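If you read the protein sequences in the order shown, they are chains A and B. Quick note on numbering: this note's numbering labels position 368 of the first sequence as 398, and the sequence is numbered without any gaps. Quick note on numbering: this note's numbering labels position 236 of the second sequence as 400, and the sequence is numbered without any gaps. Inspection log for the structure reproduced underneath, given as structure tokens.
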Amino acid sequence: MGFLAPLMLLGGAAVSVPIALHFFYKARYRPLPWAAMRFLKQSIEQTSRRLQFQEWILLVLRCLCLLLLALAMARPSCALLGDGRGESVDAVFVFDTSYSMGAQDGEKTRWERAQEAALGILDHLPGNSTVQIITNADRAADIGPRTPSNLDEARNLIQALTLTSLAGDVLPGLDEAYNALDRGTGTNKEVYLFTDLQKSGWERQAGAVKAKAAEIQARASFIIVRCGNPERPVQNVSIADITYPGGIPHSKTRLPVTVLLRNTGSKPVRDLTVTLDVDGRAREKESATIAEIPGGQSYPVTLTAKLDLAGPRLLTATVNRDDLPGDNRLDRIIPVRDRLRVLIVDGAPDPRDPKESGSHFLRNALLPVAASAVDEYFVRVTVVPPEEAGPGLLGVNDLCVLCNVAASSQDRPGIPGLSPDFVAKLPTFVQQGGGLIIGAGDHVIPKRYNAILGSTGVGILPFPIAGIVSTTPDKPFRPAPDTTESPGFISLFREEPYSTVTADVELFRFLDLQEDTPKTPQEETAAADAPKGETAAADAPKPRNRVLMRLANGKPWLTAQTIGEGEVVFITSPLDATWGNWPAKAGSYLSFVQFTLSHLTGQAAVGANQIAGRPLTWRPTTLDPAGYELILPNDRREKITTVHPGDAETKPTVTVPETLLAGVYRIEALGQPLPESPRLAVAPDLAETDNLDVYTAPDVESLLGFEPVLVLAGDGTSSEWATLRSRREWTIWLLLGLFVVAVGESGWAWMCGRAW
Amino acid sequence: MLSLLQPDVLARAESLGLAARQVVEGLRVGDHRSPFRGFSVEFVQHREYVPGDDIRHIDWKGYGRTERYTIKQYEQETNFIGHLLVDGSNSMRYGDGTQNKLAYAKLLAASLSYLIVKQRDSVALRVFDQQFRTELPASSQMGHVQTICRELEALQPAEKTGMGSLLEQFADQVSRRGLVFLISDCFDDLEPLLKGLRHIRFRGHEVILFHIVHRDEVEFPLDGNIRFIDLEGEEQLMTRPHLLRPAYLRAMQAFLKDLERGCDGSRIEYFRMSTDRPMTAALGAYLVRRLQMTGR
Numbered sequence: 031m032g033f034l035a036p037l038m039l040l041g042g043a044a045v046s047v048p049i050a051l052h053f054f055y056k057a058r059y060r061p062l063p064w065a066a067m068r069f070l071k072q073s074i075e076q077t078s079r080r081l082q083f084q085e086w087i088l089l090v091l092r093c094l095c096l097l098l099l100a101l102a103m104a105r106p107s108c109a110l111l112g113d114g115r116g117e118s119v120d121a122v123f124v125f126d127t128s129y130s131m132g133a134q135d136g137e138k139t140r141w142e143r144a145q146e147a148a149l150g151i152l153d154h155l156p157g158n159s160t161v162q163i164i165t166n167a168d169r170a171a172d173i174g175p176r177t178p179s180n181l182d183e184a185r186n187l188i189q190a191l192t193l194t195s196l197a198g199d200v201l202p203g204l205d206e207a208y209n210a211l212d213r214g215t216g217t218n219k220e221v222y223l224f225t226d227l228q229k230s231g232w233e234r235q236a237g238a239v240k241a242k243a244a245e246i247q248a249r250a251s252f253i254i255v256r257c258g259n260p261e262r263p264v265q266n267v268s269i270a271d272i273t274y275p276g277g278i279p280h281s282k283t284r285l286p287v288t289v290l291l292r293n294t295g296s297k298p299v300r301d302l303t304v305t306l307d308v309d310g311r312a313r314e315k316e317s318a319t320i321a322e323i324p325g326g327q328s329y330p331v332t333l334t335a336k337l338d339l340a341g342p343r344l345l346t347a348t349v350n351r352d353d354l355p356g357d358n359r360l361d362r363i364i365p366v367r368d369r370l371r372v373l374i375v376d377g378a379p380d381p382r383d384p385k386e387s388g389s390h391f392l393r394n395a396l397l398p399v400a401a402s403a404v405d406e407y408f409v410r411v412t413v414v415p416p417e418e419a420g421p422g423l424l425g426v427n428d429l430c431v432l433c434n435v436a437a438s439s440q441d442r443p444g445i446p447g448l449s450p451d452f453v454a455k456l457p458t459f460v461q462q463g464g465g466l467i468i469g470a471g472d473h474v475i476p477k478r479y480n481a482i483l484g485s486t487g488v489g490i491l492p493f494p495i496a497g498i499v500s501t502t503p504d505k506p507f508r509p510a511p512d513t514t515e516s517p518g519f520i521s522l523f524r525e526e527p528y529s530t531v532t533a534d535v536e537l538f539r540f541l542d543l544q545e546d547t548p549k550t551p552q553e554e555t556a557a558a559d560a561p562k563g564e565t566a567a568a569d570a571p572k573p574r575n576r577v578l579m580r581l582a583n584g585k586p587w588l589t590a591q592t593i594g595e596g597e598v599v600f601i602t603s604p605l606d607a608t609w610g611n612w613p614a615k616a617g618s619y620l621s622f623v624q625f626t627l628s629h630l631t632g633q634a635a636v637g638a639n640q641i642a643g644r645p646l647t648w649r650p651t652t653l654d655p656a657g658y659e660l661i662l663p664n665d666r667r668e669k670i671t672t673v674h675p676g677d678a679e680t681k682p683t684v685t686v687p688e689t690l691l692a693g694v695y696r697i698e699a700l701g702q703p704l705p706e707s708p709r710l711a712v713a714p715d716l717a718e719t720d721n722l723d724v725y726t727a728p729d730v731e732s733l734l735g736f737e738p739v740l741v742l743a744g745d746g747t748s749s750e751w752a753t754l755r756s757r758r759e760w761t762i763w764l765l766l767g768l769f770v771v772a773v774g775e776s777g778w779a780w781m782c783g784r785a786w
Numbered sequence: 165m166l167s168l169l170q171p172d173v174l175a176r177a178e179s180l181g182l183a184a185r186q187v188v189e190g191l192r193v194g195d196h197r198s199p200f201r202g203f204s205v206e207f208v209q210h211r212e213y214v215p216g217d218d219i220r221h222i223d224w225k226g227y228g229r230t231e232r233y234t235i236k237q238y239e240q241e242t243n244f245i246g247h248l249l250v251d252g253s254n255s256m257r258y259g260d261g262t263q264n265k266l267a268y269a270k271l272l273a274a275s276l277s278y279l280i281v282k283q284r285d286s287v288a289l290r291v292f293d294q295q296f297r298t299e300l301p302a303s304s305q306m307g308h309v310q311t312i313c314r315e316l317e318a319l320q321p322a323e324k325t326g327m328g329s330l331l332e333q334f335a336d337q338v339s340r341r342g343l344v345f346l347i348s349d350c351f352d353d354l355e356p357l358l359k360g361l362r363h364i365r366f367r368g369h370e371v372i373l374f375h376i377v378h379r380d381e382v383e384f385p386l387d388g389n390i391r392f393i394d395l396e397g398e399e400q401l402m403t404r405p406h407l408l409r410p411a412y413l414r415a416m417q418a419f420l421k422d423l424e425r426g427c428d429g430s431r432i433e434y435f436r437m438s439t440d441r442p443m444t445a446a447l448g449a450y451l452v453r454r455l456q457m458t459g460r
């Protein structure tokens with residue numbers, strides 16, 4: 031409890047007046063010599079206790095009158111703290127800037143309601159109040175005003191606020207608001223949370239939210255301003271992904287692109303139009319119309335993108351406007367190449383029958399064109415034996431395939447293996463975006479592979495190899511397509527016709543991998559010491575090493591490990607037909623090779639595509655001494671301060687610590703635009719719209735453990751809050767109490783013959 | 165004439181006269197009955213002769229008729245001594261002007277003394293507080309009335325009231341029966357007071373208690389904030405008297421009732437005189453009542 035006009039409490043000192051009169055005031059007594067003193071004393075003895083009792087009652091009633099008057103004038107308020115020194119308010123405005131606030135569930139968007147409500151509340155704050163404005167999505171920021179008492183600046187800030195493309199999380203905002211309470215000088219504090227009460231934002235850290243809200247409630251009035259129409263469900267279709275699983279982006283072709291749409295609402299959405307353009311060229315954009323997407327369903331739409339030039343190209347998919355525009359656009363940078371060079375290191379070339387070697391199957395899979403067109407095809411394949419595989423070859427190829435290659439020439443006498451130089455170059459090759467496919471075979475000795483390529487070697491194997499498992503021809507091992515990683519670049523193997531043909535593959539031998547590898551102490555330490563930003567960056571959809579598909583017996587068949595900007599795909603069976611018939615199942619083998627090729631060559635653009643909120647990193651060849659600036663999707667320019675010069679082994683890095691908006695970011699050198707400034711695509715955090723359910727008032731009360739003041743933002747918010755503010759005061763009740771006590775005092779005084 | 169002897173009072177009282185209701189003993193033949201029977205002019209009764217009786221008092225005519233020795237008894241009229249006991253304590257100071265209790269008592273005492281002497285009886289005066297301050301012996305001379313008046317006029321209130329022991333002392337000192345007029349506000353302990361009065365009465369005196377009260381003391385009509393200052397002490401009480409009035413009146417009425425009942429029980433004539441009542445009317449009323457009681 032606190033007081034809006036605490037100075038008036040000093041009026042309570044007026045109780046000393048009746049007390050002083052009661053005990054000390056004697057001057058008004060008229061002296062009278064009296065003879066019949068004995069009867070007077072006798073009557074006083076008889077009545078003194080009753081009179082004293084009456085006097086005390088009167089004294090108490092009179093003191094109570096004055097106290098109640100002082101209390102009423104001090105305007106006590108139930109949810110305030112301490113002994114405030116005025117009726118001014120230290121207000122903290124927390125705005126939910128997650129992009130679900132942009133939803134239009136009535137004539138106005140939620141965000142417009144939040145701004146109007148905030149301005150209304152700002153206008154109704156008592157004089158000498160202060161305001162601190164905090165934006166909050168999955169992170170909070172105190173944006174001012176620089177002088178909290180400058181309400182005009184606060185008004186301008188509120189009007190200039192924009193939404194982010196981040197998902198909502200209430201906790202950071204509450205944390206920042208709690209800290210802001212410390213910065214307020216008064217004791218009359220109010221925290222306003224302008225939010226659409228989207229369930230996902232409250233449930234993400236529900237326990238901590240409850241605790242923090244209780245802490246705020248203990249120190250301030252906690253008011254939730256609901257900005258949305260709980261009666262009207264939001265219709266939303268988001269663009270979940272842009273993929274090109276069937277092709278490898280190369281110049282002068284039209285690339286089939288799948289735009290994955292998802293209806294995140296509960297009701298069907300009809301007559302949607304999806305468009306796809308390349309580098310913003312409106313003339314060449316392609317569109318498709320979808321009759322209906324049922325509620326909660328995903329819907330892939332295949333469009334084509336015309337790729338004329340090599341280099342990073344920007345694909346932009348848009349869906350026509352629904353109730354929530356924040357996820358109606360998705361940008362994706364894809365690498366478009368003129369040529370794709372693949373190096374195949376064949377550990378078991380068969381000069382007598384080259385068609386039985388793994389390189390033969392791979393070449394056919396990589397070059398699905400007629401022999402006469404091979405020279406014109408954009409994929410160039412180079413096959414070398416292990417002894418000819420030098421590190422220089424890695425520098426001129428985009429993809430490397432190790433096909434039944436011994437880890438070193440010392441593995442088996444007479445069997446050539448990889449040279450140490452080549453092995454040493456492999457991690458760098460992958461880290462810089464190269465793709466590496468490793469196939470098993472008779473030349474793969476588990477111990478040697480673990481020692482040279484595994485975690486004790488260069489560390490490019492997804493899992494250590496435990497051994498080789500064999501079976502009899504009548505009981506072959508079979509892949510289990512239903513275990514395919516999803517989402518993933520071979521997730522189509524879960525579907526027909528890929529699943530059936532893959533399930534028909536028979537294997538008689540495979541490498542048994544050790545999945546439950548304990549982390550090394552260095553890895554544990556690195557994970558524990560990783561700063562939050564890095565943790566967030568590492569919070570990728572896929573773990574660093576993973577199983578892409580298992581065999582029917584549960585053992586890993588296809589595995590992968592992300593290293594830097596590249597990736598290693600490790601297959602526990604050979605890429606030839608020595609341990610099974612997979613190459614003979616063209617529908618499976620060839621599809622896998624193509625999908626993997628497309629995926630691994632797309633790794634070069636991984637850093638260029640990011641999810642909102644995560645940092646962007648660009649690695650220029652050389653640093654510009656003038657520095658760099660970032661051009662945001664809204665064309666604002668910001669100087670980039672986090673530039674790392676690099677060293678002999680690593681490239682320089684230019685880092686944008688956080689990306690609040692979805693869209694295309696560009697980096698330019700200060701003062702002299704780059705010939706082709708790098709573009710980086712940021713997608714909205716789709717976690718925000720995965721679940722559009724919103725909390726009701728009972729839900730909020732249940733989560734918080736107490737009943738907060740919940741106000742619905744709208745036309746009457748400001749006046750409603752003014753009413754609430756006066757309701758929280760006890761003044762009227764105290765005045766009523768004063769009236770009752772005064773009437774009681776008068777009655778009692780009259781009854782006792784002691785009226786004033 | 166002295167100021168205490170107001171003509172209208174005296175004229176009224178003189179016309180009514182003051183008769184002794186009981187028999188009193190006296191030296192001279194006056195208006196009052198004497199307990200000494202046997203030789204006077206008014207026959208009272210016969211009684212049987214017992215050895216030792218003076219044979220001169222034998223009724224020989226009666227012996228002739230009844231052959232029995234009887235003694236003829238007569239009632240002798242004689243003068244009486246009126247003892248005026250006037251309370252001169254501080255408590256009598258209450259009241260302003262003619263309603264001052266002491267002034268009222270002085271006027272009453274002077275009037276009674278004049279009345280007594282006028283009807284050829286003797287009057288004595290004793291003024292007391294905690295002790296007898298002034299004692300004038302009995303005398304039937306008119307000049308004695310003037311002495312009494314001068315004494316009364318010079319009387320100033322002093323000390324506390326302490327009547328019980330004084331009345332005992334008076335009863336022991338005065339052997340000849342007479343009329344004792346006690347003029348006081350009786351603001352003293354009731355039990356010693358009544359005991360002293362009974363003692364006087366026991367010694368054969370007729371006792372008349374003139375209870376002098378002020379209207380304020382009986383009705384307590386005071387209001388406002390008053391600091392009551394004890395006339396007979398240092399004590400002061402600050403109170404709002406209207407709050408105490410019911411309790412005060414209860415206490416006062418109980419006192420008056422007890423005093424009156426105590427007097428009645430001891431055949432002491434009690435007459436309350438409020439100072440707001442004119443002396444003419446008050447004394448007249450008393451004398452009329454006394455006349456009715458004595459049947460004369």
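For glycine and all other residues, C-beta sits at the position ideal for the given N, C-alpha and C. Keep in mind it's a predicted model, so treat the numbers as computed, not measured.
Contacting residues, own chain, Cβ-Cβ under 6 Å from residue i (five flanking each side not counted)
| i | result |
| --- | --- |
| V287(B) | G246, S277, I280 and V281 |
| L766(A) | none |
| L588(A) | L578, M579 and I601 |
| E564(A) | Only weak support exists for where E564(A) lies, its pLDDT of 38 falling under 50; the coordinates are left without a value. |
| V188(B) | Residue placement at V188(B) is poorly supported in this model, since its pLDDT is 46, which falls under 50; the coordinates still yield a value, given next. If we look at V188(B) and ignore the five residues flanking it on each side, its Cβ neighbours are H196, F244, R341 and G342. |
| A340(A) | S281, V366, R367 and D368 |
CB of residue i within 8 Å of CB of residue j, strictly
| i | j | result |
| --- | --- | --- |
| L300(B) | V250(B) | no |
| L424(A) | F600(A) | no |
| P286(A) | I364(A) | no |
| Y258(B) | P63(A) | yes |
| F69(A) | F392(B) | no |
| V372(A) | V426(A) | no |
Contacts of residue i in chain A (Cβ-Cβ under 7 Å)
| i | result |
| --- | --- |
| I393(B) | P61, L62, P63 and W64 |
| F351(B) | A65, A66 and R68 |
Contact set between residue i and chain A, taken where Cβ atoms lie within less than 9 Å
| i | result |
| --- | --- |
| G246(B) | The premise fails here: G246(B) is roughly 27 Å from chain A at the closest Cβ pair, so nothing lies under 9 Å. |
| Y434(B) | Residues of chain A passing the Cβ test: none, with the nearest at roughly 18 Å. |
Neighbourhood of residue i by C-beta, 7 Å cutoff - its chain only, sequence neighbours within 5 removed
| i | result |
| --- | --- |
| S521(A) | T514 and E515 |
| A170(A) | I164, P202, G203, D205 and E206 |
7 Å Cβ cut-off: residues of chain B touching residue i
| i | result |
| --- | --- |
| S73(A) | L408, A411, Y412 and A415 |
| L81(A) | L407 |
| Q76(A) | A411 |
Presumed contact (8 Å Cβ cut-off) between residue i and residue j, rounded CB distance
| i | j | result |
| --- | --- | --- |
| S251(A) | V221(A) | 7 Å |
Residues of its chain near residue i, where Cβ-Cβ distance is below 8 Å and the 5 sequence neighbours each way are ignored
| i | result |
| --- | --- |
| P571(A) | Caution applies to P571(A), whose pLDDT of 41 falls short of 50 and renders its modelled position unreliable; the model cannot decide the point. |
Contact set between residue i and chain B, taken where Cβ atoms lie within less than 8 Å
| i | result |
| --- | --- |
| R58(A) | N389 |
Original post:
Is the stretch 187-194 of chain A touching the stretch 256-268 of chain A in the sense that three or more CB pairs, one from each, lie closer than 8 Å?
Top reply: no
**OP:** Evaluate the contact criterion for the stretch 300-308 of chain A versus the stretch 240-248 of chain A: three or more CB pairs, one atom per stretch, below 8 Å.
**Re:** no
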